[in-house]
Each structure stands twice: as structure tokens, then as C-alpha cells.
Amino acid sequence: MLDLPTLEAALDPVLDPVFEKPMRAIGSLLEVKLEGTKASLRIKLPSPSPTIEAKARRRLEEAAKRVGVTEVVLDIQVEVPTREVLGDDPVPGVRNVILVMSGKGGVGKSTTAVNLTLALAKLGHRVGLLDADIYGPSIPTMMGVSGQPISKDGKRISPLERFGVKMMSIGFLLEDEKQAVVWRGPMLHGALKQFLEDVDWGTLDFLVLDLPPGTGDVALTMAQKLKVTGVVMVTTPQEVALQDVYKSVSMCHKLSLPILGVVENMSYFVDPAGGRHDLFGKGGGQKIADFAQAPLLGQIPIVQAVREQGDKGFPIVQAQPDGEVTAVFLSVAEALVEKVLKDHFERTGGEKLPAGKGPTRLKIMR
Ligand SMILES: Nc1ncnc2c1ncn2[C@@H]1O[C@H](COP(=O)(O)OP(=O)(O)OP(=O)(O)O)[C@@H](O)[C@H]1O
Ligand SMILES: [Mg+2]
């Protein structure tokens, strides 16, 4: 006989799709109701990612149907966990701050930052992109955005927006984009500070920062200003790039900036005849990942369209939603989200997902 206690007993051992602990025990299965053979379940997920939702749905449905339920209605509450927000945090509504960096120039930091942000948005997250490269901003070109941001209240600047991404770059403030920014270090810090404090970022699940190449000035400033969720380290596979990236990893360790993962860009080239060529060698990304004790989040091939779309201001993830490179960026985004969520779970003791701040979004789905 199907009754509520039977259903509850069947659902008790169902594992959370991210944390792999019983949903009931960690507070992600919130409520169970039964009308006849129809079960209504209220659950809480730490990301709107469709993959995570599908996994939760499949597991719950399987368990419920085993005891005679014929229909499962899910009421899903999504709440992305937030990093630690201290009293003087300049962006308290930003749940996660991700630094995209590399000791090496030209390895694809900006390309990765842009496409990763768009991939996070495609998974349903609220995202922002901050161009922290004051001397060589790439975001305006790569995202195809120009124009001056405005201030509605004369105090805070509204970020520009395209493809659902809120953005800020020094490039938006230059009258002529070929103009050089001639500033000393302290002014750079001042600009970054303003980009955090004076820009109305609102509530975001992820704010991605595109860092300049080289030493850790910006990373240091960020680490002093707020609790960064972590770093995505970008590298290319060849030895000469790795040397600089190792230094970046060591710097992160010194600053206690967690490295969430490594992206190996320009990993291989697929020629039109179908052959795969490791132009820059093999295994570099894995070496950095091993050194950083972080996962290799993905390997991005060299594809002409990636460069072309970047130059056009219509990034590949947006331009080719079903393309192969987009699939790679989506899987990088999923791997990153999973790492962020698991780190957060461990940091908070893994018992209950913290309530966090900001609105939650409710979805009723069948
Ligand atoms: N996977 C790829 N396939 C083809 N071209 C790429 C790829 N990744 C990056 N590029 C191109 O390589 C160039 C350098 O990339 P990008 O500007 O993203 O690097 P960066 O690390 O941000 O550089 P910088 O150190 O100057 O900030 C750009 O023209 C970009 O379009
Ligand atoms: Mg760049």
C-alpha cells in the first residue's frame, strides 16, 4: 500500500545530485506530499544547471516509482551558495568571484573569461564580467560592447549589458579606444576599487574577472578587498608557457587564493581532413593541474572561428550554440560549478546548504 511514510522511506536514501549525500539529511529535499499516486516534492538545488536538475529528477522519480508513485511534481528552489561576505565587502550581492588568470600573456585568458561567463549564463546563472585588464582591455571588443555606462542616481554606475552578461571595462570609459591608459600602480588599484564599489552589480551568482598577464598585482588587490571564491588558471600546453604559469600558481598559494581548476587552451588543432594535431605539445594543462592540486576543467581546441568570433564581438559560445567548442566551454562551466559547490559544501561543514542572501528563484516543473 502506497502511503506517505512509505514514500518518505523510499526517498530518504536518495542522494543529492551534487553532494552525493542523502538529500533529506542535508536539507535539499524540503517537503514530500502525496495525493493518491501523485507525489509533490519540494527540493533545493545549488545551481540552475539543467544537468544537475535532470539528475535530481531522475533519482527522485526512480525511487518514488519503485513504491507505486505514478507522477512526480517537483517544485525546485534554486539557491547558489555564496562565498564568505564580510562587513566591508564591496560586492555583497555577488555570490561568487572567479579570477581568470595566467602568468603568461596571450594564452587565452580573455577568450576563456568571455566564453566561460556566457556558458555559466547558458546554464541559468546570473553573471557579470569585469575586465580587470586596465592597460589592455579586451572585453569591449570580444563582447561587442561600446558606449559609456550611465549612472541612474548620480552615485553608482550601471554596468553595460549584452547576452545577459553585466559588464564593466576601462575600455567603456576611454573616449578613443586606441588611447593608452598611462597610469601608475596606485591609480590602477583605484580603478579596480571603483569597478567593484561604484558599479551596481546587483545580485549575481558569478562575477568573472578577466585578469591581465604577468605578476599578481590585480590578484593581490582582489584578495585584499574581498573573499575570492577562487581562480581559474589558463595555460597552453607548451613548456615555455608552463614556466610562467607555475609562478602564478605559487603566487595563488601564497595569497591563499584557492585554485578551482585549470583550463588548457589551444590544446590541439583538428584539420579539415579530420586529423588531430598537438601543435603545442601535450600534457601541459595536466602538469599545471597536478602542481596546483586542482582539476583540469577542460581542453579547448584551436579553432579559427574562436578568434574570428572574438574579433567580431560575438563570442563562439553565443555564435555557435550547438558547436563543438561551445560544448567544451559548457562542460568547463559545469565542472567549475561543481567544484565551487563542493568546496563550499566542505567549507561550511557539509550539513545544510546555507540560506545566503538575495532572492531565490522558484520554478514549478512537471
Ligand atoms: N582556442 C582558440 N582558438 C583560436 N584562437 C584563439 C583561441 N584562444 C584564443 N585565441 C585567440 O588568441 C588571441 C589571444 O587570446 P586572448 O586575448 O584571449 O589571450 P589573453 O591571455 O587574454 O591575452 P593577454 O595576455 O594579452 O590578455 C586572440 O586573438 C584570441 O582570439
Ligand atoms: Mg586578455
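The sequence shown begins at 2 in the working numbering and counts up one residue at a time.
For glycine and all other residues, C-beta sits at the position ideal for the given N, C-alpha and C.
In this structure, E335 and T52 form a Cβ contact; the two beta carbons are roughly 6 angstroms apart against a cut-off of 8 angstroms.
For L297, no alpha helix (DSSP H) segment is defined; the enclosing uninterrupted segment is the beta strand (DSSP E) at L297 to Q300. Of the heavy atoms belonging to ligand 1, none sits nearer than 8 angstroms to the Cβ of Q244. In this structure, E347 lies away from V19, with their beta-carbon atoms at least 9 angstroms apart.
Remark: C-beta atoms of P49 and Y136 do not approach each other more closely than 9 angstroms.
Nearest Cα to V333 within the set L117, L42 and R25: L117.
Remark: the C-beta of G172 is outside contact range of ligand 2, defined as less than 8 angstroms to any heavy atom. If you compare the alpha carbons of I151, S111, D154 and A295 with that of M102, the shortest gap goes to S111. Cβ-Cβ distances below 7 angstroms link L227 to D90, P91, V92 and V98 in the same chain, with the five nearest sequence neighbours on each side left out; the list follows chain order.
Within the same chain, L12 and D13 come within 7 angstroms of R25 by CB-CB distance, once the 5 residues on both sides are set aside.
When distances are taken from the beta-carbon of G217 to the heavy atoms of ligand 2, even the shortest one reaches 8 angstroms or more. About 37 angstroms separates the beta carbon of K248 from that of G148, a gap too long to meet the 8 angstroms contact definition.
With contacts defined by Cβ atoms closer than 9 angstroms, G286 and V271 do not form a contacting pair. Taking C-beta atoms under 8 angstroms as the contact rule, G129 and L208 qualify, at a distance of about 4 angstroms.
Where M169 is concerned, the enclosing beta strand (DSSP E) starts and stops at V166 to M169.
For the 9 angstroms CB-CB criterion, G125 and T237 do not form a contact. In chain order, P238 place their CB closer than 7 angstroms to the CB of K283, counting only its own chain and leaving out the 5 sequence neighbours on each side. Counting only the Cα atoms, P296 lies some 12 angstroms from V341. Between R84 and H254, the CB-CB gap reaches or exceeds 9 angstroms. Listed in chain order, the non-local C-beta contacts of L210 below 6 angstroms within the same chain comprise L100, L131 and A133, local neighbours out to five positions each way being set aside.
For a cut-off of 8 angstroms, the C-beta gap from A224 to L258 is around 6 angstroms, short enough to register as a contact.
The three-state secondary structure of A336, taken from DSSP, is helix. Distances from the alpha-carbon of G155 to those of D201, V146, V318 and V304 put D201 closest. Comparing alpha carbon positions, the residue from A10, P302, L298 and S159 closest to Q195 is S159. With distances taken between CA atoms, T222 lies nearest to L256 out of E240, L256 and D177.
Per DSSP, reduced to three states, the secondary structure at A133 is coil, with no helix or strand assignment.
A Cβ closer than 5 angstroms to some heavy atom of ligand 2 marks a residue here, and those residues are K110, S111 and S139. The beta carbon of T204 sits no closer than 8 angstroms to any heavy atom of ligand 1.
A heavy atom of ligand 1 is found nearer than 8 angstroms to the CB of G106. Going by DSSP, I53 is part of the alpha helix (DSSP H) stretching over P51 to R67. A direct Cα-to-Cα measurement between D4 and E54 gives close to 26 angstroms. Proximity of the beta carbon of G311 to ligand 1 is indicated: a heavy atom of the ligand is located closer than 8 angstroms. Between the alpha carbons of Y269 and V326 lies a gap of roughly 12 angstroms.
As for any beta strand (DSSP E) of minimum length 3 sitting wholly inside the segment 178 to 265, the runs are 207 to 211, 231 to 236 and 260 to 265, ordered along the chain.
One Cα belongs to R58, the other to G165, and the distance between them is close to 27 angstroms. Taking a contact to require three or more Cβ pairs closer than 8 angstroms, the segment 33 to 41 and the segment 64 to 82 qualify as touching.
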